[in-house]
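Everything below concerns the one structure shown next.
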Amino acid sequence: MKKLFTLLLLASTLLAQNAILAVQWFPSVCKVKHYKTCKKPIEYWQTHFTLHGLWPTKKEYCNVPARAKMLDKKGDWGSLPKLINPSMTELLFTYMPGAVIGLHKHEYVKHGSCLSPSPDFYFLTSFSLLSQLNNTPMRFFFLKNRGKRVQTAKIAKLFDKAFFKGAGKRVRFICEKGYLTEMRINLAGEISPQSYLCDLLREAKPIKRGCTIGKIGR
Numbered sequence: 000m001k002k003l004f005t006l007l008l009l010a011s012t013l014l015a016q017n018a019i020l021a022v023q024w025f026p027s028v029c030k031v032k033h034y035k036t037c038k039k040p041i042e043y044w045q046t047h048f049t050l051h052g053l054w055p056t057k058k059e060y061c062n063v064p065a066r067a068k069m070l071d072k073k074g075d076w077g078s079l080p081k082l083i084n085p086s087m088t089e090l091l092f093t094y095m096p097g098a099v100i101g102l103h104k105h106e107y108v109k110h111g112s113c114l115s116p117s118p119d120f121y122f123l124t125s126f127s128l129l130s131q132l133n134n135t136p137m138r139f140f141f142l143k144n145r146g147k148r149v150q151t152a153k154i155a156k157l158f159d160k161a162f163f164k165g166a167g168k169r170v171r172f173i174c175e176k177g178y179l180t181e182m183r184i185n186l187a188g189e190i191s192p193q194s195y196l197c198d199l200l201r202e203a204k205p206i207k208r209g210c211t212i213g214k215i216g217r
């Protein structure tokens with residue numbers, strides 16, 4: 000965590016965009032997927048929201064070389080070039096389980112390239128927003144209700160309490176095979192590593208709720 004905040008101080012690029020912050024509850028993901036990371040998950044993945052991606056609205060593959068775009072669309076993420084500074088590796092594999100299989104390369108090439116020309120700034124921004132979310136009652140609600148089916152309206156109300164009335168309307172809930180696997184949080188404004196999640200939520204428009212009931216994996 001100290002490393003994250005040190006890197007945040009070095010980041011200054013502003014990313015003025017509308018975007019979706021997609022976060023997952025990894026225990027739920029592992030109930031419906033068979034990723035190799037599900038076999039030996041680290042404790043953080045089991046107790047915190049983790050990063051799927053930060054997606055700019057209606058933009059993809061910005062100024063990306065044709066070969067990188069081709070490899071990404073083929074799903075050959077391993078052949079994509081290395082992106083991040085070695086000092087970021089520990090953070091990446093903590094906050095983003097999919098990095099083990101190269102998901103971070105896909106996320107930057109397809110989405111992050113449209114938010115920042117710097118992969119490091121893109122991921123620092125994503126990690127900062129994720130960390131802010133993990134310091135809210137929503138994470139503790141998921142921990143308390145592991146193994147239970149919950150109404151997503153209750154989680155939306157927690158967003159209202161944590162941020163402001165109506166914040167929960169900026170969140171879409173994704174369920175697969177009955178499990179609540181993901182939340183997609185609508186954001187707007189100057190998106191940077193120093194941005195406050197509350198401010199970005201306030202500037203964003205409401206989105207469709209998505210699934211109404213889902214089971215929280217454990």
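Each residue of the sequence shown is one higher than the one before, starting from 0 at the first, in numbering that gives the first Met the number 0.
We put the CB at the ideal spot given by N, CA and C, even for glycine.
C-beta neighbour in chain B for residue i, strict 8 Å
i   : result
I83 : The structure shown has no chain B; it contains just one protein chain.
Contact belief for residue i with residue j at Cβ below 8 Å, rounded distance in angstroms
i    : j    : result
R138 : F48  : 6 Å
S27  : T180 : 5 Å
L192 : C113 : Position check: residue 192 holds Pro in this sequence, whereas Leu was assumed. Going by Cβ atoms, the distance from P192 to C113 rounds to 17 Å, so no, they are not a contact pair.
L50  : M87  : About 13 Å; that fails the 8 Å criterion.
F172 : R208 : 7 Å
Close Cβ partners of residue i (< 8 Å) along its chain, the five nearest in sequence each way excluded
i    : result
L79  : A67, L70, D71, G101, K104, H105 and V108
K164 : none
P136 : L157, K160 and A161
Y195 : Q131
T93  : I41 and Y43
W76  : L70, I100, G101, L102, K104 and H105
L142 : T46
Cβ neighbour criterion (16 or more within 10 Å) applied to residue i
i    : result
V170 : buried
K214 : buried
H33  : exposed
G146 : exposed
Q150 : exposed
V31  : exposed
P116 : exposed
I19  : buried
R148 : exposed
P205 : exposed
G188 : buried
G216 : buried
Nonlocal neighbours in the same chain, by C-beta distance under 6 Å from residue i, ignoring five residues either side
i    : result
P118 : L82, I83 and Y107
T211 : T151
E175 : V31
L128 : L20 and L196
Of the listed residues the options, nearest to residue i (C-alpha basis)
i    : options                   : result
A203 : G167, G216, I212 and F172 : G167
L186 : L199, T36, G209 and K176  : L199
N133 : M182, A98, E89 and P85    : M182
I184 : L90, P85, L53 and G111    : L53
Residues of its chain near residue i, where Cβ-Cβ distance is below 7 Å and the 5 sequence neighbours each way are ignored
i    : result
Q45  : F25 and P26
Y178 : S27, K30, V31, G213, K214 and G216
F140 : I154 and L157
message: Taking 8 Å as the cut-off, does the stretch 150-159 touch the stretch 51-65 (at least 3 CB pairs, one atom from each stretch)?
response: no
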